[in-house]
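> First the structure, then my questions, so here it is.
Numbering (my numbering), first residue to last: 144 to 538.
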C-alpha cells in the first residue's frame with residue numbers, strides 16, 4: 144500500500160525450495176574466520192564489519208543486510224563466537240586462535256526460500272476456490288518461462304470461469320559474475336520461447352526508499368502500485384501522472400540500450416528522460432505477440448473491465464423472456480454500466496462502444512442468444528516527434 148495500492152489480497156504460498164548461502168569473502172588484517180549456517184528466510188547482502196579490535200568477548204561488530212546502506216547497532220562478539228541473528232534464519236560462527244582487527248569485513252549473500260511449481264499450483268487453488276474479487280495477480284519472487292507459462296494457463300482457466308485477469312511476474316536477478324549485457328540477452332532469449340497476452344514480466348532491480356529504509360528490489364511492486372492508482376485506460380508510464388517517486392536509482396551498469404532492448408522484447412522496465420528528474424515506467428508491456436491488440440496493459444485492463452461489467456449486467460437476464468421488450472431491456476442493461484463506469488465525463492476509459500444482437504438467431508430452437516459488443520479504446524501517445532525547422536519570415 145505504500146506504493147499506491149488501495150487494497151491488497153495476500154495469498155501465502157509455501158516456499159519448499161530452501162534459500163542458499165553464498166561464499167564468505169574476508170578482508171582486513173585480522174586472523175579470525177567466519178562460517179555461516181542455517182536457512183535464510185530472505186535475500187540478504189550481508190556485511191559483518193569489525194569496528195573494535197580484540198578477541199572473542201572483546202571485539203565489536205556491526206551488521207548490514209543491505210550491502211552497507213544501513214547498519215545495526217554495535218555489539219560484542221560472544222565468548223563462543225556464535226551469533227544467532229534474530230529473524231534471518233542465519234547463524235554466524237567465528238573461529239580461530241588470533242584476534243579481530245578494526246576494519247575487518249566479512250561479506251556474503253543469500254537467496255531467500257522460493258516456491259516450487261507445485262507450491263504455485265496450491266496457492267492458485269486457493270484463489271480459484273474463493274469468491275475474491277481482483278484484477279491481477281502479482282507473483283512475488285524471481286521466475287522464468289516455466290512459471291510464466293503456468294500463469295498463462297491459470298489466467299486462461301480463470302477466464303473460462305468469467306474472471307478475466309492478468310499476472311505480473313518478476314524476472315530473475317543477474318547472477319553473481321554475470322554482466323548486465325549477458326543478463327539482458329539471456330532474458331530476451333527466454334522470452335522468445337513464451338508468449339501470452341495475460342502475463343507481464345518486470346525485469347529490472349531498482350533501489351527504493353521504503354518505510355524500513357532503502358533496499359534493492361524488483362520493480363514489480365512499484366509497478367503494481369501504479370496499476371492500482373491509474374484508470375484502466377491510462378498507461379502506467381504516463382509521465383505527468385506517475386513518476387516513480389520512491390525509486391532512487393536503477394541497476395548499476397544498466398543504460399538506455401539495455402532498457403530499449405528489454406522493452407522491445409516485451410519486458411516492463413523503468414527509464415529516465417533528459418531534462419526531467421526521476422524515473423518512469425517505460426511501457427506497461429504484456430508478453431503478447433508483436434502486433435497483438437494486447438501488447439500494452441491499458442488495453443488488457445480496459446477490455447477485462449468491460450467484460451466484467453457486461454457479465455455482471457447480462458447474467459441477471461438468464462432465463463428471461465426473449466421477446467422484444469426482454470431483448471431491449473437486456474441491451475439497455477449491458478450498456479448502462481459501460482456508460483456509467485467507463486464513459487464518465489472527465490475520466491472516460493473508452494471512447495465509445497457498439498452493442499447489438501445479430502439478426503437471424505433462432506432462440507426458440509437454441510434457447511440461447513448471442514450479442515456483439517465492440518469497445519473503442521482511448522489512444523495513447525507512446526511517442527511524440529516534434530519536427531523542428533527554420534522559417535524565413537520574408538518568404
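Quick reminder that beta carbons are idealized off the backbone N, C-alpha and C, glycines included.
With a threshold of 6 Å on Cβ separation, who are the neighbours of residue 468 within its own chain once the five nearest residues in sequence on each side are excluded?
The answer is none, since no qualifying residue turns up.
> Going by the DSSP bridge assignment, what does residue 361 pair with across the sheet?
Paired residues: 348.
> Note down, in chain order, each residue of its chain lying with its Cβ closer than 6 Å to the Cβ of residue 144, except the 5 sequence neighbours on either side.
With a pLDDT of only 45 at residue 144, under 50, the local geometry of the prediction cannot be trusted, and no value is derived from it.
> Residue 309 and residue 280: beta carbons closer than 9 Å?
It is a contact, given that the beta carbons lie within the stated cut-off.
> Could you tell me if residue 401 is buried or exposed, where buried requires 16 or more neighbouring beta carbons within 10 angstroms of its beta carbon?
It is buried - the Cβ of residue 401 has at least 16 other Cβ atoms within 10 Å.
> Between residue 442 and the rest of its own chain, which residues show a CB-CB distance below 7 Å, the 5 nearest in sequence each way excluded?
The answer, listed in chain order, is 436 and 520.
> On the criterion of 16 or more Cβ atoms from any shown chain inside 10 Å, does residue 380 qualify as buried, or is it exposed?
Answer is buried; the Cβ neighbour count reaches 16.
> Which whole-angstrom value is the C-beta distance of residue 507 and residue 431, which I expect to be below 8 Å?
Wrong, their Cβ atoms sit about 40 Å apart, outside the cutoff.
> Starting from residue 192, trace the beta strand (DSSP E) both ways and give me its first and last residue.
Here the beta strand (DSSP E) through residue 192 covers 187 to 195.
> Quick one: give me the first and last residue of the beta strand (DSSP E) that residue 181 is part of.
It spans 176 to 181 - the beta strand (DSSP E) in which residue 181 sits, taken as one unbroken run.
> Quick one: measure Cβ to Cβ for residue 429 and residue 440, integer angstroms, because I've assumed they're closer than 8 Å.
About 6 Å separates the two Cβ atoms, so the contact holds.
> Cα separation between residue 189 and residue 367?
Residue 189 and residue 367: Cα-Cα distance of roughly 28 Å.
> Compare the C-alpha of residue 500 against each of 357, 485, 478 and 492 and name the closest.
Residue 500 has its Cα closest to that of 478, out of 357, 485, 478 and 492.
> For residue 155 and residue 472, what's the separation of their Cα atoms in angstroms?
Straight-line Cα distance between these residues: approximately 43 Å.
> To the nearest whole angstrom, what separates the beta carbons of residue 217 and residue 205, a pair I think is in contact under 8 Å?
Indeed they touch by this definition, with Cβ atoms about 5 Å apart.
> If you follow the beta strand (DSSP E) that residue 494 is part of, which residue opens it and which one closes it?
493 to 499 is the span of the beta strand (DSSP E), which, as asked, contains residue 494.
> Excluding the five sequence neighbours on either side, which residues of its own chain have a C-beta within less than 7 Å of the C-beta of residue 524, listed in chain order?
So the list is empty, once near-sequence residues are dropped.
> Can you say whether residue 271 is buried or exposed, counting buried as having 16 or more other CB atoms within 10 angstroms of its CB?
By the 10 Å Cβ count, residue 271 comes out exposed.
> Under three-state DSSP, which class holds residue 515?
In this structure, residue 515 counts as strand in the three-state DSSP scheme.
> Report the partner residues of residue 227 according to the DSSP bridge assignment.
According to DSSP, which records beta bridges pairwise, residue 227 is partnered with 234.
> So what's residue 407 in DSSP terms, helix, strand or just coil?
Three-state result, residue 407: helix.
> Between residue 442 and chain D, is the shortest Cβ-Cβ distance under 9 Å, so that the two count as touching?
No chain D appears in the structure shown, which is made up of a single protein chain.
> Please report the straight-line C-alpha distance between residue 427 and residue 488, rounded to a whole angstrom.
So the alpha carbons of these two residues sit roughly 25 Å apart.
> For residue 340, tell me which candidate among 193, 470, 414 and 298 has the shortest Cα-Cα distance.
If we check each option's Cα against that of residue 340, 298 comes out closest.
> Give me the Cα-Cα distance between residue 317 and residue 203, rounded to the nearest whole angstrom.
When rounded, the distance between both Cα atoms is 33 Å.
> Output the distance between the C-alpha atoms of residue 265 and residue 160, rounded to the nearest integer angstrom.
Taking the straight line joining both Cα atoms gives about 15 Å.
> Can you give me the C-alpha to C-alpha distance between residue 176 and residue 221, rounded to a whole angstrom?
Roughly 15 Å between the two C-alpha positions.
> Please go through the region 453 to 498 and give each complete alpha helix (DSSP H) segment of 4 or more residues, from N-terminal end onward.
Taking only runs of at least 4 residues, the alpha helix (DSSP H) segments lying wholly in the region 453 to 498 are 467 to 485.
> If you draw a straight line from the C-alpha of residue 185 to the C-alpha of residue 230, how long is it?
Going by the C-alpha atoms only, they are around 10 Å apart.
> If we ignore side chains and look at the alpha-carbon of each, how far apart do residue 371 and residue 211 end up?
Between residue 371 and residue 211, the C-alpha separation is close to 32 Å.
> Based on DSSP bridge pairs, tell me the residues matched to residue 546.
For the chain, the structure presents residues 144 to 538; residue 546 sits outside this window and is missing.
> Three Cβ pairs or more, each shorter than 8 Å: is that satisfied between the region 404 to 419 and the region 321 to 336?
With a cut-off of 8 Å, the region 321 to 336 and the region 404 to 419 count as touching, because enough Cβ pairs lie within range.
> So the beta strand (DSSP E) residue 312 belongs to, where does it begin and stop?
Note, residue 312: beta strand (DSSP E), 309 to 314.
> Put residue 368 into one of helix, strand or coil per three-state DSSP.
Residue 368 falls in the helix class under three-state DSSP.
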